[in-house]
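Trainee: I have a structure here, written as structure tokens, and I will follow up with some questions on it.
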């Protein structure tokens, strides 16, 4: 798998995680990762709290 | 009772600073120079990782922090992208939105009245700016023992940025962007 394919696959996985409400975390650089990815790197990361995005009516 | 939350509740201020230093240490805290006394954090994030856009953000506390009421999107912490500027992106997207939905009124009905999903407008200084709708007010904690911090609000914002970039790239549909489990 090329680097571009790997990046695309990762983005699809993240999009799916967001769509289904699976927990995601944010690293100190602001990068959004799945919990599994973050555990692999051992980096401090904040879990995104539950909460549906609001929208202006 | 002091007018500014950070005078009224210094422990909360310390907790806010500690959370940001732990999770987003590159962000710095300052005070707006508009006489309002409002504090803000500023820093850069890259939510989609290497190759993605770098966003320069301001996280601005309202003076009644922590607070959330009906229609107060994102509670008492406003997230303003300085660069890229949401209003500029939204104005570029609007012709495409109108093409898609036929009329402005129909775009509004589908939640795209401002040109991007999940944003709201408000005054900032002399300008009207577009802010990120981080979370519905019912998810913003504003209790005496637990409150939503700037660090949590920033994590919501990073999720929004990822959603927005994917939507702009056509990786997710309008329906998913607007109604997905975000």
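Residue numbers (this note's numbering), protein chains in the order written: chain A, 1 to 57; chain B, 1001 to 1182. Even for Gly, the Cβ is constructed at its ideal location relative to N, Cα and C.
1. Among the residues of its own chain, which have a CB less than 6 Å from the CB of residue 1081 (chain B), if the five just before and after it don't count?
2. Any idea if residue 31 (chain A) is buried or exposed, counting beta-carbon neighbours within 10 angstroms, 16 or more meaning buried?
3. For residue 20 (chain A), count the other beta carbons within 10 Å of its own beta carbon; 16 or more makes it buried, fewer makes it exposed. Which is it?
4. Would you decide whether residue 41 (chain A) is buried or exposed? Buried here means 16 or more other CB atoms lie within 10 Å of its CB.
5. Output the distance between the C-alpha atoms of residue 1022 (chain B) and residue 1044 (chain B), rounded to the nearest integer angstrom.
6. Cutting at 7 Å between CB atoms, please list the residues of its own chain near residue 1087 (chain B), excluding the five before and the five after it.
7. Name, going along the chain, the residues of the segment 34-48 of chain A whose beta-carbon falls closer than 7 Å to a beta-carbon of chain B.
8. I need the straight-line Cα distance from residue 1169 (chain B) to residue 1062 (chain B), nearest angstrom please.
9. Considering only residues of the same chain and omitting the five flanking positions on each side of residue 13 (chain A), which have a CB-CB separation below 8 Å?
10. Just checking: is the beta-carbon of residue 1076 (chain B) within a distance shorter than 8 Å of some beta-carbon in chain A?
11. Pull out every residue of the segment 17-32 of chain A whose Cβ sits closer than 7 Å to any Cβ of chain B, in chain order.
12. Using a Cβ-Cβ distance under 8 Å, would residue 15 (chain A) count as near chain B?
13. Taking the Cβ atom as the reference point for each residue, do residue 11 (chain A) and residue 1171 (chain B) lie within a distance shorter than 8 Å?
14. Using the three-state DSSP reduction, which class does residue 1148 (chain B) fall into: helix, strand or coil?
15. Please classify residue 36 (chain A) as buried or exposed, where buried requires at least 16 other C-beta atoms within 10 Å of its C-beta.
16. DSSP three-state label for residue 43 (chain A), please.
17. Can you tell me whether residue 1006 (chain B) is helix, strand or coil according to DSSP?
18. Quick check on this structure: which residue in B:1007, B:1097, B:1126, B:1083 has the alpha carbon closest to the alpha carbon of residue 1034 (chain B)?
19. Helix, strand or coil: how does DSSP classify residue 1127 (chain B) here?
20. For the beta strand (DSSP E) that contains residue 1044 (chain B), what are its first and last residues?
21. Check residue 1028 (chain B) in the structure and name its three-state DSSP category.
22. What residue range is occupied by the uninterrupted alpha helix (DSSP H) comprising residue 1103 (chain B)?
23. Within the continuous alpha helix (DSSP H) that includes residue 5 (chain A), where are the two ends?
Mentor: The answer reads as follows:
1. Close CB contacts of residue 1081 (chain B) within its chain, under the 6 Å cut and outside five residues either way in sequence, are with 1055, 1057 (chain order).
2. It is buried - the Cβ of residue 31 (chain A) has at least 16 other Cβ atoms within 10 Å.
3. Flag for residue 20 (chain A) reads exposed.
4. Exposed, because fewer than 16 other Cβ atoms sit within 10 Å of the Cβ of residue 41 (chain A).
5. Cα-Cα distance, rounded: 15 Å.
6. Hits under 7 Å: 1129, 1130.
7. Listed in sequence order: 44, 46, 48.
8. The alpha-carbon atoms of residue 1169 (chain B) and residue 1062 (chain B) are separated by roughly 33 Å.
9. Excluding residues within five positions, the ones whose Cβ falls inside 8 Å are 34.
10. No, residue 1076 (chain B) does not count as interfacial toward chain A.
11. If the cut-off is 7 Å between Cβ atoms, the segment 17-32 of chain A has 18, 19, 20, 21, 24, 26, 28, 29, 30, 31, 32 near chain B.
12. So, interface residue.
13. For residue 11 (chain A) and residue 1171 (chain B), yes; Cβs fall inside 8 Å.
14. Residue 1148 (chain B) falls in the coil class under three-state DSSP.
15. Residue 36 (chain A) is exposed by the Cβ-count criterion.
16. In the structure shown, the three-state DSSP call for residue 43 (chain A) is coil.
17. In the structure shown, residue 1006 (chain B) sits in a helix (DSSP, three-state: H, G or I).
18. Per the C-alpha coordinates, the member of B:1007, B:1097, B:1126, B:1083 positioned closest to residue 1034 (chain B) is B:1126.
19. Three-state DSSP puts residue 1127 (chain B) in a strand.
20. First-last of the beta strand (DSSP E) with residue 1044 (chain B): 1039-1045.
21. Note: residue 1028 (chain B) maps to strand in three-state DSSP.
22. According to the DSSP assignment, residue 1103 (chain B) belongs to no alpha helix (DSSP H), since it is labelled neither H nor E.
23. Segment 3-20, the alpha helix (DSSP H) holding residue 5 (chain A).
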